[in-house]
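Enquirer: Below you'll find the structure I mean.
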Amino acid sequence: MDQLNEKFSGLTFGERLGFKKTDDGFATKAIHAGQEPEQWKCRAVVPLISLSTTFKQFAPAQHAGYEYSRSGNPTRNVLETCLAALDNAKFALTFASGLGAQTAIISTLKTGDAIITGDDVYGGTNRLFRNLAVNMGMEVIFVDMTDLKNLERAMKENVKLVWLETPTNPSMKVIDIENVCKFVHENSKAIVLVDNTFLSPYFQRPIDLGADAVTYSLTKYMNGHADVVMGSIATSNSKLYESLKFYQNATGIVPSPFDCYLVNRSLKTLALRMEHHFKTSVAIAKYLETHDRVERVMHPALPSHPQYDITLKQTYGHSGIFSFYLRNGNLESSTKFLQALKIFMIAESLGGFESLVELPSVMTHASVPEEQRAELGINDGLIRVSVGLENAKDLIEDFENAFKVI
Ligand SMILES: Cc1ncc(COP(=O)(O)O)c(C=O)c1O
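Read the sequence shown against my numbering and you will find it ends at 995, with the numbers running on by one and no gaps.
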């Protein structure tokens, strides 16, 4: 046993860099939580895909837990149980997309309510707030939450939801989740929700840090194979859960059982994949930081990052996503550079096994108003990278060759 302990006492990559110590049980939960073979008569080790839209009842209104597949589905249930466990939450719900999950959250608010949101959120979230929420009579206040004073100034009676994404998209600013939650809970009745898509629960667990709920675009790291669009929300707040469950069924924004099966399968390798993304993205970011064609690299795991200390304090490591500015970059040079890449593909999205690059100003964040983009520094020289699972050396060589073209 001593020998075994010795063998497993080695530090993880994150621990070696000074990040929080990893919870050893994560991979075990990802593999076993909600997966009990005993729940199926055949004792299947891999959960079954239940495609049936309806379920035979014993007598009118007497059923075995399922009545219609929109309101509840056995395969979806397996995935939701596993997702709740990974965030140390009591409940989780899945939706047809990440934005579907966000629509359900907005549905729980009323006309006259206000939302305070980080200023640098996913372009689709920004669009949802500016159009749907505002059209429903809600007030949406965008603030830079890296400085708590901005949040303090914006807080008022009708704020019901404080929304943050950290690290932010695409500027990679890091927000202190614990501080934000403490301030909001001491000064208002609002709930704090964190979009944790960029890190996954493997690297950051917002509920442990005081958040009321956490949302994901499961489309990204959680599924990790670029073949499913899905979203989720996890919470331990039973009132919020009941309300979201109502809207999951009432609005019908549900995922298919087959997609639930795929995401549940992908969670089994989440820990392994995230470690690989982390190591490779740090290696590439370090390489870029020394390149004379690069003006600045924004990677939270590099000591040059402005919120490096908060990163080490609240996360267990970092994923494959980061951004950098080309020196004197403009639409022409950025386009030329991205087109010269052979392994990295120019594409939206992130978190898959394949490495991607994109230009937020004209792609993921094109829907963000021009003046807000300018304030956030989202210009044509800003490149967002999603490092996949290929060999680090090949990816660095790919960048090296592309720099020669501009
Ligand atoms: C941080 C973040 N949240 C939410 C979403 C929306 O998720 P989906 O595309 O699954 O609707 C995205 C999509 O890119 C995202 O990057």
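Ideal Cβ positions, reconstructed from N, Cα and C, are used throughout, including at glycine. Owing to the predicted nature of the structure, the values given are computational and were not obtained by experimental measurement.
1. Quick check: what's the CA-CA separation for residue 656 versus residue 675?
2. Just mark residue 935 as buried or exposed, buried being the case when its beta carbon has 16 or more other beta carbons within 10 Å.
3. Between residue 806 and ligand 1, is the CB less than 7 angstroms from at least one heavy atom?
4. Helix, strand or coil: which one does DSSP assign to residue 896?
5. Can the beta-carbon of residue 820 be found closer than 8 angstroms to that of residue 686?
6. Is the distance from the Cβ of residue 853 to the Cβ of residue 668 below 8 angstroms?
7. Taking 8 angstroms as the cut-off, decide whether the C-beta atoms of residue 976 and residue 909 are in contact.
8. For the region 618-677, list the alpha helix (DSSP H) runs that are entirely contained and at least 4 residues long, ordered along the chain.
9. Using a Cβ-based criterion (distance less than 7 angstroms to any ligand heavy atom), does residue 728 qualify as near ligand 1?
10. Count the other C-beta atoms from every protein chain shown that fall within 10 angstroms of the C-beta of residue 889, then say buried if there are 16 or more, exposed otherwise.
11. Would residue 855 pass as a contact of residue 878 if the rule is Cβ separation under 8 angstroms?
12. Since residue 696 contacts residue 836 with CB under 8 angstroms, what's their CB separation in whole angstroms?
13. Between 904, 607, 636, 628, which lies nearest to residue 620 when the distance is taken from Cα to Cα?
14. Looking only at its own chain, which residues have a Cβ that is under 6 angstroms from the Cβ of residue 967, when we skip the five neighbours before and after it?
15. Is it the case that the CB of residue 711 approaches a heavy atom of ligand 1 more closely than 7 angstroms?
16. Does DSSP classify residue 594 as helix, strand or coil?
17. Distance check for residue 745 and residue 799, CA to CA, integer angstroms please.
18. Can residue 754 be considered in contact with ligand 1, in the sense that its beta carbon sits closer than 7 angstroms to one or more heavy atoms?
19. Can at least three beta-carbon pairs, one atom from the region 729-745 and one from the region 699-713, be found at a separation below 8 angstroms?
20. Please report the residue range of the beta strand (DSSP E) in which residue 609 lies.
21. Should residue 618 go down as buried or exposed, given a rule of 16 or more other Cβ atoms within 10 Å for buried?
22. Hey, quick one: how far does the alpha helix (DSSP H) through residue 967 stretch, first residue to last?
23. For the putative contact between residue 923 and residue 930, defined by C-beta atoms under 8 angstroms, what is the C-beta separation to the nearest angstrom?
24. Roughly how far, in whole angstroms, is the beta-carbon of residue 789 from the beta-carbon of residue 861, given that I think they are within contact range, below 8 angstroms?
25. How is residue 716 classed by DSSP in three states: helix, strand or coil?
26. Under the criterion of a Cβ to heavy atom distance below 7 angstroms, does residue 708 qualify as lining ligand 1?
27. Considering only C-alpha positions, which residue in the set 913, 903, 842, 845 is nearest to residue 876?
28. So is residue 801 buried or exposed if we call it buried at 16+ other beta carbons inside 10 Å?
29. Helix, strand or coil: how does DSSP classify residue 824 here?
30. Quick check: residue 725 and residue 700, are their CB atoms within less than 8 angstroms of each other?
31. Any idea which residues DSSP pairs residue 935 with across the strands?
32. I believe residue 759 touches residue 920 by the beta-carbon criterion, under 8 angstroms. Please report the beta-carbon distance rounded to the nearest angstrom.
33. How many whole angstroms separate the CB atoms of residue 670 and residue 607, which I take to be in contact at a CB cut-off of 8 angstroms?
34. Are the region 956-963 and the region 936-943 in contact at 8 angstroms, needing three or more beta carbon pairs?
35. Using C-beta distances below 6 angstroms, list every residue in its chain close to residue 973, excluding the 5 sequence neighbours before and after it, in chain order.
36. Once you ignore the five residues that flank residue 754 on each side, which residues in its own chain have a CB closer than 6 angstroms to its CB?
Expert: With the structure as the only source:
1. Sequence index remark: in the sequence shown, residue 656 carries index 67 (1-based). Sequence index remark: in the sequence shown, residue 675 carries index 86 (1-based). Taking the CA atoms as reference points, residue 656 sits about 27 angstroms from residue 675.
2. Mapped onto the sequence shown, residue 935 falls at position 346. Counting other Cβ atoms within 10 Å of its Cβ, residue 935 stays below 16 and is therefore classed as exposed.
3. Taking the sequence shown and counting its residues from 1, one reaches residue 806 at position 217. In terms of side-chain proximity, the C-beta atom of residue 806 is found nearer than 7 angstroms to a non-hydrogen atom of ligand 1.
4. Along the sequence shown, one-based indexing puts residue 896 at 307. In the three-state scheme derived from DSSP, where H, G and I count as helix and E and B as strand, residue 896 is classed as coil.
5. As a working mapping, residue 820 is identified with position 231 in the sequence shown. As a working mapping, residue 686 is identified with position 97 in the sequence shown. The answer is yes: Cβ separation under 8 angstroms.
6. Within the sequence shown, the letter at position 264 stands for residue 853. Within the sequence shown, the letter at position 79 stands for residue 668. Residue 853 places its beta carbon less than 8 angstroms from that of residue 668.
7. To locate residue 976, count along the sequence shown from 1; it is residue 387. To locate residue 909, count along the sequence shown from 1; it is residue 320. One thing to note: residue 976 has its Cβ within 8 angstroms of the Cβ of residue 909.
8. Counting only runs of 4 or more, we get 663-675.
9. Against the sequence shown, residue 728 aligns to sequence position 139. It does not: the Cβ of residue 728 is nowhere closer than 7 angstroms to a heavy atom of ligand 1.
10. Residue 889 sits at position 300 when you count from the first residue of the sequence shown. By the neighbour-count rule (16 or more Cβ atoms within 10 Å), residue 889 is buried.
11. Position 266 of the sequence shown, counting from 1, holds the residue named residue 855. Position 289 of the sequence shown, counting from 1, holds the residue named residue 878. Their beta carbons are not under 8 angstroms apart, which means residue 855 does not touch residue 878 by this criterion.
12. By one-based count along the sequence shown, residue 696 stands at place 107. By one-based count along the sequence shown, residue 836 stands at place 247. In this structure, residue 696 and residue 836 form a Cβ contact; the two beta carbons are roughly 4 angstroms apart against a cut-off of 8 angstroms.
13. Within the sequence shown, residue 620 is the residue found at index 31, counting from 1. That would be 636, whose Cα lies nearest to the Cα of residue 620.
14. The residue labelled residue 967 in the question sits at position 378 within the sequence shown. The answer, listed in chain order, is 949, 950, 954.
15. Here residue 711 is taken as the residue at index 122 of the sequence shown, counted from 1. Result yes, Cβ under 7 angstroms from ligand 1.
16. Residue 594 sits at position 5 when you count from the first residue of the sequence shown. Unreliable placement is indicated for residue 594, whose pLDDT of 49 sits below 50; the coordinate value is still reported in the next sentence. The three-state secondary structure of residue 594, taken from DSSP, is helix.
17. The residue you call residue 799 lines up with position 210 of the sequence shown. The residue you call residue 745 lines up with position 156 of the sequence shown. Here the C-alpha atom of residue 799 lies approximately 20 angstroms from the C-alpha atom of residue 745.
18. On the sequence shown, position 165 is the one that residue 754 refers to. Checking the Cβ of residue 754 against ligand 1 gives yes.
19. Inter-segment contact for the region 729-745 and the region 699-713 is present: three or more beta-carbon pairs are separated by less than 8 angstroms.
20. For the purposes of this step, residue 609 is identified with residue 20 of the sequence shown, where counting begins at 1. Per DSSP, residue 609 belongs to no beta strand (DSSP E) and is neither H nor E.
21. By one-based count along the sequence shown, residue 618 stands at place 29. Answer is buried; the Cβ neighbour count reaches 16.
22. Within the sequence shown, numbered from 1, the residue matching residue 967 stands at position 378. That residue, residue 967, is in no alpha helix (DSSP H); it is neither H nor E in DSSP.
23. On the sequence shown, residue 923 is found 334 positions in, with the first residue counted as 1. On the sequence shown, residue 930 is found 341 positions in, with the first residue counted as 1. The Cβ separation is near 11 angstroms, so there is no contact.
24. Position 200 of the sequence shown, counting from 1, holds the residue named residue 789. Position 272 of the sequence shown, counting from 1, holds the residue named residue 861. Not a contact, Cβ separation roughly 12 angstroms.
25. As a first step, residue 716 must be located in the sequence shown, where it is residue number 127. In the three-state scheme derived from DSSP, where H, G and I count as helix and E and B as strand, residue 716 is classed as helix.
26. What you label residue 708 is simply residue 119 of the sequence shown in a count that begins at 1. No - ligand 1 has no heavy atom lying nearer than 7 angstroms to the Cβ of residue 708.
27. What you label residue 876 is simply residue 287 of the sequence shown in a count that begins at 1. Of 913, 903, 842, 845, the residue nearest in Cα terms is 913.
28. For the purposes of this step, residue 801 is taken as the residue at position 212 of the sequence shown. With a threshold of 16 other beta carbon atoms within 10 Å, residue 801 meets it and is buried.
29. By one-based count along the sequence shown, residue 824 stands at place 235. The three-state reading of DSSP puts residue 824 in strand, counting E and B together.
30. Counted from its first residue, the sequence shown places residue 725 at position 136. Counted from its first residue, the sequence shown places residue 700 at position 111. Their beta carbons are under 8 angstroms apart, which means residue 725 touches residue 700 by this criterion.
31. The count along the sequence shown starts at 1 and reaches residue 935 at position 346. Per DSSP, 946.
32. Residue 759 sits at position 170 when you count from the first residue of the sequence shown. Residue 920 sits at position 331 when you count from the first residue of the sequence shown. The distance from the Cβ of residue 759 to that of residue 920 is about 16 angstroms, inconsistent with a contact at the 8 angstroms cut-off.
33. Position 81 of the sequence shown, counted from the first residue, corresponds to residue 670. Position 18 of the sequence shown, counted from the first residue, corresponds to residue 607. Incorrect: roughly 34 angstroms between the Cβ atoms, too far for contact.
34. Touching, no.
35. Start at 1 with the first residue of the sequence shown, and residue 973 comes out as number 384. For residue 973, same chain residues with a beta-carbon under 6 angstroms away, outside a window of 5 residues either side, are 759, 912, 947, 949 in chain order.
36. Indexing the sequence shown from 1 puts residue 754 at position 165. For residue 754, the CB contacts under 6 angstroms within the same chain, skipping 5 residues up- and downstream, are 707, 710, 784 in chain order.
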